[in-house]
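In my numbering, the protein residues as written are 40 to 288.
The block underneath contains the structure these notes are about, expressed in structure tokens.
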Amino acid sequence: AVSYGYQQINLNIGCPSEKVAGESGFGAALYLNPPLVAELALSVYEATHKPTTIKCRIGVNDHESYEELYNFIRLVSEVGKVEHFIVHARIAILDPEFTPKNNRNIPPLKYDVVYRLMQDFPHLKFTLNGGVPNMKTVQELLKEHPQLEGVMVGRAIMSNPFGWSRADSLLYKTKDPGLSRVDVLTKYAKHCAKQEKKHDMHFSRTLIKPIYHLFHSRPPDIPFRKSLDHSMKTEHTAYDAIMFAIEKH
């Protein structure tokens with residue numbers, strides 16, 4: 040990671056999938072072993088000399104008390120030299136019958152727990168994650184809770200990436216790129232071509248996923264996605280798939 044120029048290393052202690060947390064014993068399962076998480080974080084820091092951040096939930100299964108969360112944060116920050124926690128404000132349910140989708144939606148959000156952590160650990164940084172639907176909500180959260188280091192958004196950006204195109208001006212008071220959707224696609228297609236050439240392989244599905252919903256709820260949303268689907272099934276490169284979709288629609 041250091042050789043690629045990354046400025047921080049994140050350890051995800053929040054993934055609840057059966058394959059990750061169940062079969063392999065990492066992801067959210069590591070929340071139940073704070074000393075090991077602290078040891079891992081310290082090892083990463085000592086190997087990279089880069090800030091190590093932790094992404095976690097507010098509890099796991101029956102281990103959802105604030106006291107347990109407090110002790111997790113305290114130990115990992117003190118022993119593991121972690122100063123920044125990205126907290127998904129839900130517990131994780133580790134159960135083979137409970138899917139990752141269930142874990143993203145069913146356990147209730149408890150933002151107040153994250154706010155309490157900010158009060159109890161004023162020397163640490165906390166980023167709030169979970170159920171943030173749009174830019175307006177991000178602005179409201181940061182305004183109401185200026186102690187927050189940030190707000191992490193995942194699914195809402197993937198489902199409507201262009202809806203966040205004014206993030207620079209709205210959040211950082213700097214100039215937006217001012218690119219149209221076609222501009223974005225053209226630039227991104229060139230990036231895809233570079234990556235596929237570099238790695239000498241086609242991985243169009245992975246590369247196309249970030250722009251799949253670029254025309255969310257506006258023409259030509261459905262035809263655009265159908266065109267991408269067709270290209271992926273016929274094993275086109277990501278560059279060809281995107282350029283074909285642009286020309287066709």
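Backbone N, C-alpha and C define an ideal beta-carbon position, used for all residues, glycine too.
Source: prediction; values computed, not measured.
The residue from G217, Q47, S82 with its alpha-carbon nearest to that of D207 is G217. Put simply, of I48, V99, K58, I52 the residue whose alpha carbon is nearest the alpha carbon of P90 is I48. T92 carries a strand assignment under DSSP once its states are collapsed to helix, strand and coil. Within its own chain, the residues whose Cβ lies closer than 7 Å to the Cβ of H241, once the five positions on either side in sequence are excluded, are E235, E274, T276, listed in chain order.
Within the same chain, Y278 come within 6 Å of A232 by CB-CB distance, once the 5 residues on both sides are set aside. In its chain, beyond the 5 residues on either side, V171 have a beta carbon closer than 6 Å to the beta carbon of V192.
CA-to-CA, the gap between I281 and F201 works out to about 16 Å. Distance between I196 and W203, taken at the CA atoms: about 7 Å.
About 6 Å separates the CB atoms of C95 and Y70; that is less than 8 Å, so the two are in contact. The criterion of a C-beta distance shorter than 8 Å is satisfied by R129 and I97. Nearest to V118 by C-alpha distance, out of E78, S243, R220, is E78. Bounds of the beta strand (DSSP E) holding A131 are 123-131. In the DSSP annotation of this structure, the continuous segment of the alpha helix (DSSP H) that includes T176 starts and ends at 174-183. Judged by DSSP secondary structure, K233 falls outside any beta strand (DSSP E) and instead within the alpha helix (DSSP H) spanning 220-238.
DSSP assignment within the stretch 135-210 yields the following whole alpha helix (DSSP H) runs of 4 residues or more, N-terminal first: 139-144, 150-159, 174-183, 194-198.
N110 sits in a helix when the DSSP states are folded into three classes. Sequence-distant partners of K287 (beyond 5 residues in either direction) whose C-beta falls short of 7 Å from its own C-beta, in its chain, are S266. Taking 8 Å as the upper bound for CB-CB distance, E179 and F165 are not in contact here, some 17 Å apart. Rounded to the nearest whole angstrom, the CA to CA distance from I52 to A67 is 5 Å. L69 sits in a helix when the DSSP states are folded into three classes.
N51 is bridged by DSSP to K94. DSSP, read as helix, strand or coil, puts H252 in coil. For H288, the secondary structure class from DSSP, reduced to helix, strand or coil, is coil. In the DSSP assignment, V99 forms a beta bridge with H102, A131. Following the DSSP letters along the chain, one finds H269 inside the alpha helix (DSSP H) bounded by residues 260-272. Comparing alpha-carbon positions, the option among G61, K272, A80 lying closest to T245 turns out to be K272.
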